[in-house]
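Student: In terms of the working numbering, the numbers along the sequence shown are unbroken and rise by one, the last being 183. If you scroll down you'll find the structure; I have some questions about it.
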Amino acid sequence: MRYRVVAIGRLKRGFYADACRHYQERTRPFGRLEVVELKEGRGPDAAAVREADSTALLAAAEGRTVCLDEAGRSFDTRGLAAHLDDLELRGTSQLSLLVGGAEGHAPWLRERADEVWSLSPLTLPHELARLVLLEQLYRVETVRAGHPYHRDG
């Protein structure tokens, strides 16, 4: 599976940037993982910014689109690994995972995406959501490869 993480906003130097780079590097042996950072949208109000961000996210997506939203479908790690196996068996080779900015996603983007996933029922800052996503992609790929990183409790 090839992953394209499309995110609103650039990670500044520091903890989040370092941690995200760490998981990107660790995922490299298991497949392609690309992170595309988009400039935050502008507008007179939150709704206009949300529209601009959502339009930019969709324009940068390739392949099957997954919108990340706290109201989306939840998986445990093994369940996500099985879901990705199933997608590959059905011919999916690339996922674009869309990480919104501070204003979230426009409703039409959630409806238009092929899937909507939740990383947590909590609302996460977009920097933290990106870090959690990258770690989980690494974890899922280790499960799929039979690597011992993930341990069931």
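Cβ atoms here follow ideal geometry from the backbone N, Cα and C, with glycine treated the same way.
In three-state DSSP terms, what is S126?
Tutor: In the structure shown, S126 sits in a strand (DSSP, three-state: E or B).
Student: Where D99 and T172 are concerned, what is the direct C-alpha to C-alpha distance, given to the nearest angstrom?
Tutor: The alpha-carbon atoms of D99 and T172 are separated by roughly 24 Å.
Student: With a Cβ-Cβ cutoff of 8 Å, do L119 and V36 count as a contact?
Tutor: Cβ distance not < 8 Å, so L119 and V36 don't count as in contact.
Student: Hey, A159 and L167: beta-carbon distance below 8 Å or not?
Tutor: No, these two residues do not count as a Cβ contact at 8 Å.
Student: Which whole-angstrom value describes the C-beta separation of A32 and G61, a residue pair presumed to lie in contact below a C-beta threshold of 8 Å?
Tutor: This sequence places Arg at residue 32; Ala is not what is there. The Cβ separation is near 6 Å, so the contact holds.
Student: Span of the alpha helix (DSSP H) holding D116?
Tutor: Where D116 is concerned, the enclosing alpha helix (DSSP H) stretches over 107 to 119.
Student: Please list the terminal residues of the continuous beta strand (DSSP E) segment that includes T57.
Tutor: That residue, T57, is in no beta strand (DSSP E); its alpha helix (DSSP H) goes 45 to 57.
Student: DSSP on E81, reduced to helix/strand/coil?
Tutor: Correct three-state label for E81: helix.
Student: CA-CA distance, F165 and R34?
Tutor: According to the sequence shown, residue 165 is Glu rather than Phe. Rounded to the nearest angstrom, the two C-alpha atoms are 14 Å apart.
Student: Is it true that the CB of A143 sits closer than 8 Å to the CB of V96?
Tutor: Contact flag set, yes.
Student: Would you mind reading off the limits of the beta strand (DSSP E) that contains E153?
Tutor: Inspection of the sequence shows that residue 153 is occupied by Thr rather than by Glu. Segment: none, T153 is in no beta strand (DSSP E) and carries neither H nor E.
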